[in-house]
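Trainee:
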Amino acid sequence: MSPTIFREGPAVTNVSRHGFWLWLGTGELFVPFSEFPWFADATIAKITNVERPAEDHLYWPDLDIDLSIRSIEHPEEFPLRSRS
Numbered sequence: 002m003s004p005t006i007f008r009e010g011p012a013v014t015n016v017s018r019h020g021f022w023l024w025l026g027t028g029e030l031f032v033p034f035s036e037f038p039w040f041a042d043a044t045i046a047k048i049t050n051v052e053r054p055a056e057d058h059l060y061w062p063d064l065d066i067d068l069s070i071r072s073i074e075h076p077e078e079f080p081l082r083s084r085s
């Protein structure tokens, strides 16, 4: 990934009752609430406030959620989830 794309930052492009779409500069990823339940009851404002402090690291400061992009692309490789 080029540094220019990295600097663009992520953007949430759509939110539905099933999850949300996250633009990363080169394409979109779907973040399903079934795999990432921490977002299910969050407001759209909190979901859309997302930062990319490193190439493979996303952070939602209003929710104090850190995720690797790989965990979104391949949730089956990261079986541990919050049960809150």
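So the sequence shown is numbered by the numbering used here: it starts at 2 and just counts up by one.
All residues carry an ideal CB built from backbone N, CA and C; glycine is no exception.
Note that the coordinates shown come from a computational prediction; the quantities given were computed from them, not determined experimentally.
At the level of alpha carbons, what is the spacing between F7 and R71?
Mentor: Any reading at F7 must be qualified, since the residue scores a pLDDT of 48, below 50, and its modelled position is unreliable; the value itself is stated next. Going from the Cα of F7 to the Cα of R71 covers about 15 Å.
Trainee: Under 7 Å Cβ to Cβ from S69, same chain only, skipping five residues before and after it: list those, please.
Mentor: D57, H58
Trainee: Would V13 and T49 qualify as a contact pair, given that the criterion is a beta-carbon distance under 7 Å?
Mentor: yes
Trainee: Closer than 8 Å by C-beta to W24: which residues in its own chain qualify, once you throw out the five before and the five after it? Chain order, please.
Mentor: P11, A12, V13, T14
Trainee: Alpha carbon to alpha carbon, how far is W22 from G28? Give it in angstroms, no decimals.
Mentor: 10 Å
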